[in-house]
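Numbering (the UniProt record's numbering), first residue to last: 1 to 137.
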Amino acid sequence: MGKRKKSSRGPVKKQREVLATNFKCVFCNHETSVGVKIDKKAGVGNLHCKSCLQNFQTGVNYLSQPVDVYADWIDACDAVAKETAGTSTAAPASAHRQPQQPHSRAGPAPGEKYTAEDDGFIDDDDADGEADLADED
């Protein structure tokens, strides 16, 4: 006598991750305040923040998702930020400010001036002390 044959189970359906339609606003930093609506017939994606009332509109195609509109908005914000940073002129250094010299950890003694001779000088007194101890054996 044999065992009964078990019926096989059907294949398990893989659950698809749902992409978000609400996002964090870049300007006001509110979570889930940015909503995206896509009009595929018109080929337009609209983004709107409920808190700070920011709006953004971009072109979409039949494959576009809300996350794509949000990514376009982030890219546009970065482009504007780089453009404004590139056009702004850096403030000239004040004439009364002297360039700072690198200082050692301890620094010069009170009343002592930092000179060009001090550049690149490494004070290694500890190594000399260890060498003296090694000779005593």
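Using N, Cα and C, we set each Cβ at its ideal position, and we do this for glycine too.
Helix or strand or just coil, what does DSSP make of residue i?
| i | result |
| --- | --- |
| residue 87 | helix |
| residue 14 | coil |
| residue 104 | Unreliable positioning characterises residue 104 in this predicted model, as indicated by a pLDDT of 49, which lies under 50. The coordinate reading is nonetheless provided below. Three-state result, residue 104: coil. |
| residue 5 | coil |
| residue 66 | helix |
| residue 41 | coil |
| residue 82 | helix |
| residue 52 | coil |
| residue 28 | coil |
Could you tell me the boundaries of the beta strand (DSSP E) in which residue i lies?
| i | result |
| --- | --- |
| residue 44 | 44-49 |
| residue 58 | 55-59 |
Could you round the C-beta distance between residue i and residue j to whole angstroms and report it? I think they count as a contact, below 8 Å.
| i | j | result |
| --- | --- | --- |
| residue 77 | residue 49 | Contact flag wrong, Cβ pair sits at about 12 Å. |
| residue 26 | residue 74 | 7 Å |
| residue 72 | residue 84 | With a Cβ gap of about 19 Å, residue 72 and residue 84 do not count as contacting. |
| residue 47 | residue 69 | 5 Å |
| residue 51 | residue 30 | 4 Å |
Under the DSSP definition of a beta bridge, which residues are partnered with residue i?
| i | result |
| --- | --- |
| residue 36 | 47 |
| residue 22 | 35 |
- Message: So, does the segment 15-34 touch the segment 58-75, judging by three or more C-beta pairs under 8 Å?
- Response: Cβ pair count under 8 Å is three or more, so yes.
- Segment contact flag, the segment 39-46 with the segment 78-85, C-beta cutoff 8 Å, min 3 pairs: No, the segment 39-46 does not touch the segment 78-85.
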